[in-house]
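Enquirer:
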Ligand code: SF4
Ligand code: SF4
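Shown next as structure tokens:
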């Protein structure tokens with residue numbers, strides 16, 4: 001991506017270049033079409049040249065069990081029994097949602113370690129990352145992971161390198177059922193609307209699009225059969241937003257706090273200017289007192305004024 | 309004869325300055341991560357990653373030395389009745405009208421409040437700092453606790469820094485107190501003026517000794 005395309009940058013208080021207009025992109029994941037084959041997981045590690053440790057079988061289909069610094073996307077499997085007694089296998093491809101208002105970026109203290117491009121992609125610059133993990137604290141979706149090898153944060157980049165040269169993300173390209181599609185955010189919404197009509201006609205009356213407004217919308221969206229209960233899908237947040245703790249921690253309180261510290265110092269300075277130092281006058285000294293030592297046997301007796 | 313009084317022993321002084329140095333290092337490295345406009349402070353510590361690595365160790369070291377210091381001084385900082393009166397007359401305090409104030413012991417009410425506020429801040433900083441210490445400990449805690457801790461850590465650090473600014477200023481304002489902490493001795497006049505009750509106490513002890 002060109003540097004003009006960066007519209008937000010972590011730990012930066014001045015405006016970013018905003019001359020270039022670009023369409024928002026989005027990846028749409030149609031959960032109802034996913035067969036859980038994990039081809040996207042493989043494509044992701046192929047394209048990004050990531051090789052996670054071979055793990056263990058935990059008796060479930062999830063593998064690896066969680067996102068890691070080397071697994072930027074994982075399929076999460078949920079067995080859900082509907083009220084009608086039907087077993088549904090809900091499979092969700094987890095990974096960065098590319099929030100319009102990214103909590104990771106708001107929390108990051110290192111200038112430029114996290115950037116948001118004009119097309120909506122949120123990217124981590126590992127060379128500027130200091131490894132503090134504040135992005136994890138800020139993310140409403142529990143996405144970034146710190147590598148134990150280099151102590152840098154990693155997550156899905158939405159294949160920003162591919163997208164910048166007009167390619168679709170690797171997972172999209174590989175998905176054998178067409179459950180993952182990519183394009184402008186508008187087109188993806190339209191596509192989702194058609195899918196939702198279809199799902200509704202097949203009995204999923206709560207089918208809908210997951211594009212949570214609490215984070216300003218996302219650039220990775222889901223079509224869910226149970227859009228009324230996103231948390232069914234391995235704990236997808238029902239109403240995600242940047243935690244008030246994080247907003248308080250990272251919001252206006254910071255400049256105000258700096259101002260407060262400055263004021264305390266300034267108060268001191270002007271107190272000195274107006275009231276002046278508090279000195280002991282010579283004539284307050286009495287006559288005839290002997291030397292007094294603190295009673296502390298460990299201390300050598302020393303009197304700077306006595307002749308040695 | 310007009311002999312000086314030793315207010316701080318060499319060990320007390322060394323301990324105090326160890327805390328002070330570590331406070332500056334931990335404080336500056338923390339401020340680098342506190343606000344983007346101060347990120348440049350990370351250059352003093354070898355860049356961003358080094359700042360992130362060093363800050364918690366500096367903080368723990370500061371905590372240990374502080375607790376040591378606090379154990380030395382805690383018994384001097386018990387709240388007494390006269391302290392309330394002293395506080396009520398804060399206008400006389402800030403206007404250098406000490407003659408109107410009740411006689412002060414080893415520490416005045418302001419110093420005592422500072423002591424307990426510092427102790428509280430240090431405890432909060434340590435507890436929350438461990439929770440947000442990503443490299444070793446954060447995986448042990450839930451995200452909500454980490455978020456609250458990050459907030460409390462920043463808040464406690466802010467209170468601590470503001471308090472220390474006041475503490476440093478008081479040292480500049482009350483002549484003779486910085487040298488008391490540097491080489492340990494105060495003049496009898498100084499003791500009588502600022503800490504009358506303490507002065508009487510040490511004079512009595514001295515009388516008993518001789
Ligand atoms: S999902 Fe998390 S990591 Fe991804 S952009 Fe949003 S806040 Fe950042
Ligand atoms: S770990 Fe890296 S990307 Fe995450 S907040 Fe810290 S500096 Fe930013």
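Protein chains in written order, with this note's numbering: chain W, 1 to 308; chain Z, 309 to 518.
Cβ atoms here follow ideal geometry from the backbone N, Cα and C, with glycine treated the same way.
Values in this document were obtained by computation on a predicted structure and should not be read as measured data.
Taking the alpha-carbon positions, what's the residue 248 of chain W to residue 332 of chain Z distance?
Expert: C-alpha separation (whole angstroms): 25 Å.
Enquirer: Could you check where the alpha helix (DSSP H) with residue 392 of chain Z kicks off and where it finishes?
Expert: Where residue 392 of chain Z is concerned, the enclosing alpha helix (DSSP H) stretches over 389-396.
Enquirer: Does any residue of chain Z have a CB that is nearer than 8 Å to the CB of residue 68 of chain W?
Expert: Chain Z, which has no Cβ nearer than 8 Å to the Cβ of residue 68 of chain W, makes this no.
Enquirer: Per the contact definition of three or more C-beta pairs closer than 8 Å, is the segment 141-152 of chain W in contact with the segment 180-196 of chain W?
Expert: Contact between the segment 180-196 of chain W and the segment 141-152 of chain W is absent, because fewer than three Cβ pairs lie under 8 Å.
Enquirer: Kindly list, in the order they appear in chain Z, the residues whose Cβ is closer than 9 Å to that of residue 131 of chain W.
Expert: What residue 131 of chain W touches in chain Z: 356, 357, 360, 361, 442, 443.
Enquirer: Could you confirm whether any beta carbon from chain W is found closer than 8 Å to the beta carbon of residue 466 of chain Z?
Expert: For residue 466 of chain Z, the answer is yes, since a Cβ of chain W falls inside 8 Å of its Cβ.
Enquirer: With 16 as the cutoff for other CB atoms within 10 Å, does residue 312 of chain Z come out buried or exposed?
Expert: Buried is the call here.
Enquirer: Is the separation between the beta-carbon of residue 347 of chain Z and that of residue 64 of chain W shorter than 8 Å?
Expert: Contact flag unset, no.
Enquirer: Can you tell me the Cα-Cα spacing of residue 477 of chain Z and residue 268 of chain W, whole angstroms?
Expert: Using only the alpha carbons, I get a separation of about 6 Å.
Enquirer: Would you report the Cα separation of residue 435 of chain Z and residue 225 of chain W, rounded to the nearest angstrom?
Expert: About 44 Å.
Enquirer: Kindly indicate if chain W contains any beta-carbon less than 8 Å away from that of residue 429 of chain Z.
Expert: Judged by the 8 Å Cβ criterion, residue 429 of chain Z is not in contact with chain W.
Enquirer: Got a sec: is the Cβ-Cβ distance from residue 142 of chain W to anything in chain Z below 8 Å?
Expert: So, interface residue.
Enquirer: When the Cα of residue 77 of chain W is compared with those of W/261, W/231, W/131, which residue comes out closest?
Expert: It is W/231 whose Cα lies nearest to the Cα of residue 77 of chain W.
Enquirer: Out of curiosity, what's the CA-to-CA distance linking residue 569 of chain Z and residue 507 of chain Z?
Expert: In this structure chain Z extends from 309 to 518, so residue 569 of chain Z is not present and cannot be described.
Enquirer: Could you tell me which residues DSSP puts in a beta bridge with residue 114 of chain W?
Expert: In the DSSP output, where bridge partners are listed per residue, residue 114 of chain W has W/124.
Enquirer: For residue 482 of chain Z and chain W, any beta-carbon pair shorter than 8 Å?
Expert: Closer than 8 Å: yes.
Enquirer: Since I believe residue 154 of chain W is in contact with residue 69 of chain W (beta carbons under 8 Å), could you give me their beta-carbon distance rounded to a whole number of angstroms?
Expert: Contact holds; Cβ gap of about 4 Å.
Enquirer: Compile a chain-ordered list of the residues in the segment 7-31 of chain W whose CB is closer than 7 Å to at least one CB of chain Z.
Expert: Residues 11, 12, 13.
Enquirer: If the cut is a Cβ gap below 7 Å, which residues of chain A does residue 264 of chain W touch?
Expert: Protein chains in the displayed structure are W and Z, and chain A is not among them.
Enquirer: For residue 390 of chain Z, decide whether its Cβ has a neighbour in chain W, counting only Cβ atoms nearer than 8 Å.
Expert: Answer no: the Cβ-Cβ gap between residue 390 of chain Z and chain W never drops below 8 Å.
Enquirer: Tell me which residues of the segment 78-110 of chain W have at least one Cβ-Cβ distance to chain Z shorter than 9 Å, keeping chain order.
Expert: Taking 9 Å as the Cβ-Cβ cut-off against chain Z, the residues of the segment 78-110 of chain W that qualify are 107, 109, 110.
Enquirer: Is there a Cβ from chain Z that is less than 8 Å from the Cβ of residue 285 of chain W?
Expert: Its pLDDT being 48, under 50, residue 285 of chain W is placed unreliably in this model, and the coordinates cannot settle the point.
Enquirer: Compute every distance between the C-beta of residue 117 of chain W and the non-hydrogen atoms of ligand 2, then say whether any falls below 7 Å.
Expert: No, ligand 2 has no heavy atom inside 7 Å of this Cβ.
Enquirer: So which residues on chain Z does residue 231 of chain W lean against when the C-beta distance must stay under 8 Å?
Expert: Going along chain Z, no residue has its Cβ under 8 Å from residue 231 of chain W, so there is no contact; the nearest lies around 15 Å.
Enquirer: In chain order, what residues of the same chain have a beta carbon less than 7 Å from the beta carbon of residue 465 of chain Z, not counting five sequence neighbours either side?
Expert: Same-chain partners within the cutoff: 338, 433.
Enquirer: Select from the segment 391-407 of chain Z all residues with a C-beta closer than 7 Å to any C-beta belonging to chain W, and list them in chain order.
Expert: The residues in question are 402, 403, 404.
Enquirer: What is the DSSP secondary structure of residue 285 of chain W, reduced to helix, strand or coil?
Expert: Legend: pLDDT at residue 285 of chain W = 48, less than 50; position of this residue unreliable, no value from coordinates given.
Enquirer: Report whether the distance from the Cβ of residue 208 of chain W to the nearest heavy atom of ligand 1 is below 7 Å.
Expert: Because no heavy atom of ligand 1 lies under 7 Å away, the Cβ of residue 208 of chain W does not count as near it: no.
Enquirer: Which residues of chain Z have a Cβ atom closer than 7 Å to the Cβ of residue 64 of chain W, listed in chain order?
Expert: Here the premise fails: no neighbours, minimum Cβ distance about 16 Å.
Enquirer: Compute the distance between the beta-carbons of residue 473 of chain Z and residue 335 of chain Z, then report whether it is under 8 Å.
Expert: Contact: no.
Enquirer: Go through its chain and collect everything with a Cβ distance to residue 132 of chain W's Cβ below 6 Å, but skip five positions before and after it.
Expert: So the list is empty, once near-sequence residues are dropped.
Enquirer: In angstroms, rounded to a whole number, what distance separates the CA positions of residue 12 of chain W and residue 320 of chain Z?
Expert: Distance between the alpha carbons of residue 12 of chain W and residue 320 of chain Z: 43 Å.
Enquirer: Note down the Cα distance separating residue 103 of chain W from residue 140 of chain W, rounded to an integer number of angstroms.
Expert: Answer to the nearest angstrom: the Cα atoms are 7 Å apart.
Enquirer: Tell me residue 30 of chain W's beta-bridge partners as DSSP assigns them.
Expert: BP columns for residue 30 of chain W point to W/223.
Enquirer: Below 8 Å, can you find three or more Cβ-Cβ pairs linking the segment 20-28 of chain W to the segment 48-56 of chain W?
Expert: Judged by Cβ distances under 8 Å, the segment 20-28 of chain W makes no contact with the segment 48-56 of chain W, as fewer than three pairs qualify.
Enquirer: From which residue to which residue does the beta strand (DSSP E) around residue 143 of chain W run?
Expert: Where residue 143 of chain W is concerned, there is no enclosing beta strand (DSSP E), given that its DSSP letter is neither H nor E.
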